[in-house]
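Report on the structure given below.
In mature numbering (1 follows the signal peptide of the UniProt record, and there is no 0), the protein residues as written are -22 to -1, 1 to 316.
Below is the structure:
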């Protein structure tokens, strides 16, 4: 039996993803040479020092935010813990940085701290943790990007911008997202219906190509249908390619990561622990919990909160595939243990 075109295309995509799960060592070598010749000797040496920890399957791409040598000289050699705060485990091209909305969280190689975007698009320049990103990328090959910043980021930085309005606490432990009755007008796309062009670019550039491929194919609506708000929890490519062997499982796996309402990270945090969210996969729910200041969904950490936000769509990166407590999700065959 001939496989459907969608599954053939997806198989090709996954084979390509599987070949490039770790940061190429050539990217580090080339970036180091560029930094040495561009007034960033201190960061070039740092990049060489940490190169082994970057070329692993857990780090498919990297963005480095680097102060100049003059800043290093004024501040003195910072500890490695502070330098890790300047490494993001995703490649973020300049257009992606400029498109991130105010308050967006950017994960770092320091698991205890995230960066926060402190400017709103379309700004002429981007600020992160109140520090300006200078000009265009010093180096960017699609796997590794390096940007100059005016000074070191402060891990204790707290965004003093306006606080978002708190979401009402749910009266039931099971949050009925669709009951929010929040309907956005058509015209999101050029002819109505969902348009995922902008979030697709962001997802593909940050290691979430599989989820990007499913956005349009699985959530396509009639052009005349009103746009319903959505939240998507996006597992990284390596998680999907490592844990799912049967391509026919992908649609049901994707739908369990889609919630039929728009929820920012501040919305999620405002709900009490144990609150559950309905998803697009019938019978599958997501339970909210917290570990310290971090959010978890069915025990999976939210690693890239507020990755993307628009009038009707929120996308959050998560550390892996969401599974229910019993390990068997609706629409997915359970595999016997060997």
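Glycine included, every Cβ here is placed at the ideal spot set by N, Cα and C. Nothing here was measured: the structure is a model prediction, and the numbers come from that model.
Contacting residues, own chain, Cβ-Cβ under 7 Å from residue i (five flanking each side not counted)
i, result
"residue 121", "1, 2, 5, 39, 69"
"residue 16", "116"
"residue 298", "213, 217, 278"
"residue 112", "126, 127, 128"
Own chain residues within Cβ distance below 6 Å of residue i, not counting five before or after
i, result
"residue 188", "215, 218"
"residue 75", "104"
"residue 119", "5"
"residue 280", "273, 294, 296"
"residue 43", "64, 125, 127"
Distance, residue j Cα to residue i Cα
i, j, result
"residue 240", "residue 273", "16 Å"
"residue 255", "residue 175", "26 Å"
"residue 30", "residue 206", "45 Å"
"residue 185", "residue 130", "26 Å"
"residue 110", "residue 47", "16 Å"
"residue 247", "residue 11", "43 Å"
"residue 56", "residue 50", "8 Å"
"residue 249", "residue 266", "8 Å"
"residue 235", "residue 22", "39 Å"
"residue 37", "residue 86", "11 Å"
"residue 14", "residue 24", "11 Å"
"residue 291", "residue 77", "14 Å"
Option nearest residue i by Cα separation, candidates the options
i, options, result
"residue 282", "181, 10, 76, 29", "181"
"residue 71", "41, 83, 90, 98", "41"
"residue 67", "208, 296, 300", "296"
"residue 89", "133, 78, 21", "133"
"residue 302", "264, 279, 268, 290", "264"
"residue 81", "193, 291, 287, 19", "287"
"residue 61", "84, 34, 20", "20"
"residue 275", "294, 289, 18, 191", "294"
"residue 245", "284, 37, 230", "284"
"residue 289", "22, 280, 242, 13", "242"
"residue 229", "193, 27, 249", "193"
"residue 177", "44, 79, 87", "79"
"residue 136", "93, 262, 191, 84", "93"
"residue 208", "260, 237, 8, 73", "237"
"residue 257", "251, 91, 231", "231"
Presumed contact (8 Å Cβ cut-off) between residue i and residue j, rounded CB distance
i, j, result
"residue 106", "residue 95", "6 Å"
Buried or exposed (CB count within 10 angstroms, at least 16 for buried), residue i
i, result
"residue 101", "exposed"
"residue 253", "buried"
"residue 210", "buried"
"residue 98", "exposed"
"residue 52", "exposed"
"residue 183", "buried"
"residue 58", "exposed"
"residue 191", "buried"
"residue 34", "exposed"
"residue 147", "Because the pLDDT of residue 147 is 40, which lies under 50, any placement of that residue in the model is unreliable, and the question is left without a value."
Chain-order list of residues whose beta-carbon lies under 8 Å from that of residue i (same chain, five-residue window excluded)
i, result
"residue 26", "6, 10"
"residue 18", "44, 46, 47, 116, 124, 126"
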